[in-house]
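Below: the structure, in structure tokens.
Number of protein chains: 2
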Amino acid sequence: MPTQRELEEGETFAPRFDANGLIVCVTRDATDGQILMLAYMNKEALRLTIETGFAHYWSRSRQTLWRKGDASGQTQKVTEIRTDCDQDALLLTVEPGGDGGACHTGRRSCFYRKIALGRDSDRLVFD
Amino acid sequence: MPTQRELEEGETFAPRFDANGLIVCVTRDATDGQILMLAYMNKEALRLTIETGFAHYWSRSRQTLWRKGDASGQTQKVTEIRTDCDQDALLLTVEPGGDGGACHTGRRSCFYRKIALGRDSDRLVFD
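Chains as they are written, first to last, in this note's numbering: chain A, 426 to 552; chain B, 426 to 552.
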């Protein structure tokens, strides 16, 4: 187990998977930095992502490993992977394939609704 | 429990907290969209964030609720909160106070290292 200093200031990638063996991953579009989605990787998904250059994730609902885009065509060619200070989160930068989107609902980003702050904070606004 | 369609296409904010009562939250800077950090909120942290307009998180390591910036001055005035398709993740847009940073290491973003893809994928590069 690395020390806090090794985790934060070290040059060794030592991703910290959680009790379920997963690490959270935020994915953004290389062209404009738009946040496309948030998902999880297990060790194998991360290994395949690094080795193949295409994003793989672990589906918590289906409990399966998947290569993003296999069904939808919305592949994600990885141009960069970052980790955060304590190495328990990843930030992927990708070039999306297919229609350029990432969300299974057909939208480009999964974050297609915002909270109606200051008015009705239990309401969502599409935009 | 909302249906999948209600979660994905509804106008009701129904955040899905995990087994530990937490929801993951990605935070970006309002000025340029830079990803600053990734953290977690419990129900109370989310409520306080919405009510006060300043980001509150739940620290998993310290097991405490904290108002971001109370110690560091790096407050986060919230300009937007988004949720994703299945409402188990949040995307905050904020105006950082203090020195404009978010990371306790002194850097602006927690994601200050990238994996040396294609060369030595267990090595991290600072940039």
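Idealized CB from N, CA, C, for every residue including glycine. Nothing here was measured: the structure is a model prediction, and the numbers come from that model.
Original post:
Under the rule that 16 or more other beta-carbon atoms within 10 Å means buried, what is glutamine 488(B), buried or exposed?
Top reply: The sequence position of residue 488(B) within the second sequence is 63, counting from 1. That one is exposed.
Subject >> Cβ pair serine 546(B), phenylalanine 438(A) closer than 9 Å >> reply: Numbered from its first residue, the second sequence carries residue 546(B) at position 121. Numbered from its first residue, the first sequence carries residue 438(A) at position 13. Result yes, Cβ atoms of serine 546(B) and phenylalanine 438(A) sit closer than 9 Å.
**OP:** Go ahead and label methionine 426(B) buried or exposed: buried means 16 or more other beta carbons lie within 10 angstroms of its beta carbon, across all protein chains shown.
**Re:** The residue labelled residue 426(B) in the question sits at position 1 within the second sequence. Exposed, by the Cβ-count rule.
Original post:
In the region 426-499 of chain B, which residue ranges form an unbroken beta strand (DSSP E) of at least 3 residues, counting only runs that do not cross its ends?
Top reply: 448-454, 460-466, 481-484 and 489-492
Subject >> Identified DSSP bridge partners for aspartate 545(A) >> reply: On the first sequence, residue 545(A) is found 120 positions in, with the first residue counted as 1. DSSP lists Ala541(A) as partners of aspartate 545(A).
Original post:
Does the pairing of the region 476-492 of chain A with the region 491-509 of chain B give three or more beta-carbon distances under 8 Å?
Top reply: no
Original post:
Do we get a CB-CB distance below 9 Å when we pair lysine 539(B) with the residues of chain A?
Top reply: Taking the second sequence and counting its residues from 1, one reaches residue 539(B) at position 114. Yes, lysine 539(B) lies at the interface with chain A (some Cβ there is under 9 Å from its Cβ).
Original post:
Looking at the structure shown, is phenylalanine 551(B) part of a helix, part of a strand, or coil, going by DSSP?
Top reply: For the purposes of this step, residue 551(B) is taken as the residue at position 126 of the second sequence. Strand.
Original post:
Is the CB of alanine 480(B) under 9 Å away from at least one CB in chain A?
Top reply: Along the second sequence, one-based indexing puts residue 480(B) at 55. Not closer than 9 Å to any Cβ of chain A, the Cβ of alanine 480(B) fails to qualify, so no.
Subject >> Environment of glutamine 501(A) [buried if 16+ CB atoms lie within 10 Å] >> reply: To locate residue 501(A), count along the first sequence from 1; it is residue 76. So glutamine 501(A) counts as buried.
**OP:** Reducing DSSP to helix, strand and coil, say where alanine 514(A) ends up.
**Re:** Along the first sequence, one-based indexing puts residue 514(A) at 89. Alanine 514(A) falls in the strand class under three-state DSSP.
Original post:
Whose C-alpha, out of Gly446(A), Thr477(A), Cys528(A) and Gly498(A), is nearest the C-alpha of tyrosine 465(A)?
Top reply: The sequence position of residue 465(A) within the first sequence is 40, counting from 1. It is Gly446(A) whose Cα lies nearest to the Cα of tyrosine 465(A).
**OP:** Return the residues of the region 481-498 of chain A that lie within a Cβ-Cβ distance of less than 8 Å from chain B, sorted by chain order.
**Re:** none
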